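Under UniProt numbering, the very last position in the sequence shown is 246; numbers go up by exactly one each time.
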Amino acid sequence: MKSNDSQTRILHLNQLDKSQKLTADEYQTKMKVLKNKIRDLTFLAKAKDRPVLFVFEGWDAAGKGGAIRRLTQEIDPRLFEVHNIAAPSSEEIQHHYLWRFWNRIPPKGHIGIFDRSHYGRVLVERIEGFASESEWSRAYEEILLFEEQLVSFGTIILKFWLHIDSDEQLLRFESRKNDPLKRWKLTDEDWRNRDKWTLYEEAANQMFQKTDAPRAPWILVPANDKYFARVMVLETVVKRLAEELE
């Protein structure tokens, strides 16, 4: 499943044009069409017994939850499950780090959505010292093999990184802090992670280069504008599912 070196895509966060936007009217128009296509294609995946796995990574407050909600609005609730990945439990930590993800992969005809994922090994666990250098360094190959096995089983994989800049993140943090209904989303850890922005950015760029593959590609989504990000996610899903299923 790994790319040939001469064909490897260059994926880097600095290459993204984060100024891209949609108006509210453009957003509503596009979403009406996309939601119908998503519904039809997920029923087709069910009919063809194809598992589907969507991975969502990105900065805190980048809009992963909102993108997932828009993606699943028109999907039959019986067909999908969203896994919000947090720190491993006391049981999970006794196993290989991929064990808890094997236990969450979707069965035939169903959709699994990871809000955070197995890529934590080469992101937060790397930066925060929860994994040694030898552990996170070999994880790139382990993750590629994990995804290669899923693809061989027939799983359709798409991996999204929602990217905002530091200034936009600060605005969203301040908005959450001042909103009683959203204040719970903001933690001390979120503020601490801002201090390590450069380290996380470096780790993310390395992750894209080492784990992007033709059948399990990374899609970098400019997300300063939430409307643009959500539409890009759905358009990408529609295009990929259509290619795989039709």
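The beta carbon of each residue, even a glycine, is placed where N, CA and C say it ideally should be.
Here the structure is a predicted model, which is why all the values come from computation and not from measurement.
Relative to the alpha-carbon of Q20, which residue among M232, L241, V237 has its alpha-carbon at the smallest distance?
M232
Within the continuous alpha helix (DSSP H) that includes K159, where are the two ends?
That residue, K159, is in no alpha helix (DSSP H); its beta strand (DSSP E) goes 156-163.
With a 10 Å radius around its C-beta and 16 neighbouring C-beta atoms as the bar for buried, classify N178 as buried or exposed.
Counting Cβ neighbours within 10 Å, N178 comes out exposed, since fewer than 16 surround it.
Could you have a look at A87 and say whether DSSP puts it in helix, strand or coil?
Looking at A87 - three-state DSSP - the assignment turns out to be coil, as it is neither helix nor strand.
On the premise that G112 lies in contact with D49, defined as a C-beta separation below 8 angstroms, what is that separation, rounded to the nearest angstrom?
About 15 angstroms separates the beta carbon of D49 from that of G112, a gap too long to meet the 8 angstroms contact definition.
So, with DSSP's three-state summary, where would you put A131?
coil
Could you pull out every residue in the same chain whose Cβ sits closer than 7 angstroms to the Cβ of R9, ignoring the five residues on either side in sequence?
D212
Under the assumption that V238 contacts L16 (Cβ atoms under 8 angstroms), give the Cβ distance between them as a whole number of angstroms.
About 21 angstroms; that fails the 8 angstroms criterion.
Runs of 4 residues minimum, wholly inside the stretch 39-103: which ones carry the alpha helix (DSSP H) assignment?
64-72, 99-102
Where V231 falls: helix, strand or coil (DSSP):
helix
On the three-state DSSP scale, how would you describe D115?
Residue state, collapsed to three classes: strand.
DSSP beta-bridge partners for I105?
Note: I105 sits in no beta bridge, so no partner.
Quick one: Cα of D76 to Cα of L44, how far?
12 angstroms
Between the C-alpha atoms of E128 and G58, what's the straight-line distance to the nearest angstrom?
16 angstroms
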